[in-house]
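Note that numbering that gives the first Met the number 0 gives residue 494 to position 495 of the first sequence, counting from 1, and the numbers run on in steps of one.
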Amino acid sequence: MDIITRMSVGCMSKKKKTSDELDIYKSIRKPMPPPTKVIPDKRHKLKEEWFEEQTEQDLQQVIRDKGQAVRVRFAPSPTGYLHIGGARTALYNWLFAQKNKGSFILRIEDTDRTRSTEEAIEAIISSLKWLGLDWDEGPYRQTERFSLYHGTAQRLLDEKKAYFCYCTPEELETRREEALKAGIPPRYDRRCRALSSEQRRVLERERKPAIRFACPLEGVTTISDLIRGEVHFENRLLDDFVLLRADGSPTYNFAVVIDDKAMEITHVIRGEDHLPNTPKQVLLYNALNSEPPLFAHLPMIVGPDRKPLSKRHGATSIEEYRNKGYLPEAMVNYLALLGWSLDEKTTLISRNELIEKFSLERVSKAPAVFDIGKLEWMNGYYIRHTPVKRLVAEIIPFLERVGYLAEAPDKRKMSWLERLVFLEQERMKNLAEIIKLADFFFKDVEWDPKSVEKILSAPEVPKVLSMATERLESLDRFDSRGIEKTLRSLQKELGFHPREVFQPIRVAVTGRMVSPPLFETLELLGKRRAIDRLRRAQKILPRSSA
RNA sequence: GCCCCCAUCGUCUAGUGGCCUAGGACACCGGUCUUUCAAGCCGGCGGCGGGGAUUCGAAUUCCCCUGGGGGCACCA
Numbered sequence: 000m001d002i003i004t005r006m007s008v009g010c011m012s013k014k015k016k017t018s019d020e021l022d023i024y025k026s027i028r029k030p031m032p033p034p035t036k037v038i039p040d041k042r043h044k045l046k047e048e049w050f051e052e053q054t055e056q057d058l059q060q061v062i063r064d065k066g067q068a069v070r071v072r073f074a075p076s077p078t079g080y081l082h083i084g085g086a087r088t089a090l091y092n093w094l095f096a097q098k099n100k101g102s103f104i105l106r107i108e109d110t111d112r113t114r115s116t117e118e119a120i121e122a123i124i125s126s127l128k129w130l131g132l133d134w135d136e137g138p139y140r141q142t143e144r145f146s147l148y149h150g151t152a153q154r155l156l157d158e159k160k161a162y163f164c165y166c167t168p169e170e171l172e173t174r175r176e177e178a179l180k181a182g183i184p185p186r187y188d189r190r191c192r193a194l195s196s197e198q199r200r201v202l203e204r205e206r207k208p209a210i211r212f213a214c215p216l217e218g219v220t221t222i223s224d225l226i227r228g229e230v231h232f233e234n235r236l237l238d239d240f241v242l243l244r245a246d247g248s249p250t251y252n253f254a255v256v257i258d259d260k261a262m263e264i265t266h267v268i269r270g271e272d273h274l275p276n277t278p279k280q281v282l283l284y285n286a287l288n289s290e291p292p293l294f295a296h297l298p299m300i301v302g303p304d305r306k307p308l309s310k311r312h313g314a315t316s317i318e319e320y321r322n323k324g325y326l327p328e329a330m331v332n333y334l335a336l337l338g339w340s341l342d343e344k345t346t347l348i349s350r351n352e353l354i355e356k357f358s359l360e361r362v363s364k365a366p367a368v369f370d371i372g373k374l375e376w377m378n379g380y381y382i383r384h385t386p387v388k389r390l391v392a393e394i395i396p397f398l399e400r401v402g403y404l405a406e407a408p409d410k411r412k413m414s415w416l417e418r419l420v421f422l423e424q425e426r427m428k429n430l431a432e433i434i435k436l437a438d439f440f441f442k443d444v445e446w447d448p449k450s451v452e453k454i455l456s457a458p459e460v461p462k463v464l465s466m467a468t469e470r471l472e473s474l475d476r477f478d479s480r481g482i483e484k485t486l487r488s489l490q491k492e493l494g495f496h497p498r499e500v501f502q503p504i505r506v507a508v509t510g511r512m513v514s515p516p517l518f519e520t521l522e523l524l525g526k527r528r529a530i531d532r533l534r535r536a537q538k539i540l541p542r543s544s545a
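In structure tokens form, the structure reads like this:
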């Protein structure tokens, strides 16, 4: 079936109710023009295969036919914590690997020795583990691979595809600034590209050279991005970028290419900020006579002001979210949907379904605003749907951190904690909130002046509180059922609105107007503490009710 | 200055020429439940940046404009 037939069939099958009129239009409709033919770029051999009609399925078929397993990598530079954006990139890579039964590789891009730290590596790894993004290979380190870079650079030098450059970083910087000021594109002027060996000898005496790539001066490099389609770059506008620094360390563009090639990476899934680097890398693959991987450039994640996500916008690292009590499954769910969608309605989606359904095809092209509010809602949802036992386990460290839990809870305490968490579960948007929500369970009550003023100043309060105290005191089994029975009958007896008797008790016992359900709260507090608080509350009643 | 990407409710998004009176989710607003707060349920508000072109028909295709973003390092 050719493309045109396939398309019209597709259209018709989509229609549910077809009016006669429309059918007539359809029959006289001009056939769709074939997709515009683009002249294949010899430099990028893969392009013809990934022609625009290709679907993800076709693509995966091709990969299978080639007997090529999917291999993707996450390659952070260890200069800080794992950021939201990096985490999403890692997630998409991981999902893609899982979906395609391929390999997910972790590689640390630490060629910049001055900015890379061991702590950052640790932090990134710990965040990845917390998110559940386990890798099949690595972590590899670029600093461990210098000889490979040197060998390749030598080869390019021999083939005249690279050359020594004797300009110093300082010279370059001043030229760059001048260019910028003059309003001309700040590119390297290629002055060392055509140096004679005599000139080189002279310069070599006092300067250590860097090695630059001899970029083709004409032609077009086309990259075929899985998310964006074809993107064209004019070679003459590209730069003779540095491959190896004077100190022998490789630059990013050089190292990625060599590593991705050595590790047989099939799909490079990374942030859109790398798009302008891609033609340089493709050119390098060409120079090395190897096929570039497939590229997929993810849209950026931005703040509410559409500027790159930064500390100004609040927490940006995964670790911070972890410390605030976000659940990894909420994080994964939210991040997955930040730039990808399954269909017109799916908002909550499990990790397994994500693996099953993820596709690069459905990644959106536009930058996404990180919406903390939605993340919070989603986290609340996950908290509500997490088994209490697991929730307790997650919450214990938060309690310990503020000193609400001095020692490991015994069985009794554990069951008490479970009942408490059960009560607070549907009120928490993140785990750390338990501290404020439930503080009156862990330390003595502090009566909030506003609540006291508003609730305890009513004339019936003294009576309500004293009677409630009395009745509760006579209870043998201080459980929520008995408490409820007692207090409800008291309320009926007094002929007050439920609110008029329960709110004063709540304030007396918790110190504020908002708490979990009253009867359960009283039970959890225990008879002794409950009665004690009720008694003491009666002594601090505002004068208007006295 | 040059190159590149992007553009649907406030936000995340669905949408690939007629199923669109543009769908879902968060947020917001109302109602309901209720001893408070949540949660839940029901309902509401709210959007195709602008202009041309193609077509019987455009959110959807093409061009221009505008706006946003990324990049232009011996950073990654």
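Don't be surprised by glycine CBs; every beta carbon is placed ideally from N, CA and C.
When DSSP labels each residue in this structure, what does residue i get in the three-state scheme?
i: T250; result: coil
i: R154; result: helix
i: S479; result: helix
i: I123; result: helix
i: G228; result: strand
i: H273; result: helix
i: G137; result: strand
i: K29; result: Because K29 carries a pLDDT of 27, less than 50, the predicted location of this residue cannot be relied on, and the following value inherits that uncertainty. In the structure shown, K29 sits in coil (DSSP, three-state: anything other than H, G, I, E or B).
i: H496; result: coil
i: V69; result: coil
i: L474; result: coil
i: A367; result: strand
i: F240; result: coil
i: I530; result: helix
i: F145; result: helix
i: L549; result: Outside the displayed span of the chain (0 to 545) sits residue 549, for which this structure offers no information.
i: L105; result: strand
Could you name the residues of the same chain whose beta carbon sits closer than 7 Å to that of residue i, not counting the 5 residues immediately before and after it, in chain order?
i: K207; result: A245
i: I530; result: T468, L471, E472
i: F439; result: T509, G510
i: Y165; result: C191, L202, R206, P208
For residue i and residue j, which I take to be in contact (beta-carbon distance under 8 Å), what is that distance rounded to the nearest angstrom?
i: L390; j: V420; result: 5 Å
i: G270; j: T88; result: 6 Å
i: L94; j: L353; result: 6 Å
i: F357; j: L337; result: About 13 Å separates the two Cβ atoms, so there is no contact after all.
i: D239; j: Y284; result: No, D239 and Y284 are not in contact; Cβ-Cβ is about 17 Å, not under 8 Å.
i: I548; j: A295; result: With the chain covering only 0 through 545, there is no way to say anything about residue 548.
Determine which residues share a DSSP beta bridge with residue i and list them.
i: A161; result: F212
i: R339; result: Note that residue 339 is Trp in the sequence shown here, rather than Arg. DSSP output for W339 lists V362 as bridge partner(s).
i: P307; result: V301
i: R204; result: Looking at the DSSP assignment, R204 forms no beta bridge with any residue, so it has no partner.
i: L293; result: H266
i: T220; result: F232
Would you call residue i buried or exposed, if buried means 16 or more other Cβ atoms sit within 10 Å of its Cβ?
i: D259; result: buried
i: F515; result: Note that residue 515 is Pro in the sequence shown, not Phe. So P515 counts as buried.
i: E205; result: exposed
i: L236; result: exposed
i: T250; result: buried
i: K344; result: exposed
i: A365; result: exposed
i: T113; result: exposed
i: S488; result: exposed
i: N99; result: buried
i: L347; result: exposed
i: A119; result: buried
i: A152; result: buried
i: S414; result: exposed
i: E177; result: exposed
Give every residue of the same chain whose Cβ lies closer than 8 Å to the Cβ of residue i, excluding the five residues on either side of it in the sequence, and list them in chain order.
i: K388; result: E417
i: T265; result: I62, Q67, A68, V69, R70, V71, G101, P292, L293
i: L546; result: Examination of residue 546 is not possible in this model, given that the chain is present from 0 through 545 alone.
i: L282; result: R42, F212, C214, P215, T220, N234, L237
Got a sec? Which residues, its chain only, sit under 6 Å from residue i by beta carbon, not counting five neighbours each side?
i: Y24; result: Only weak support exists for where Y24 lies, its pLDDT of 30 falling under 50; the coordinates are left without a value.
i: L341; result: K356
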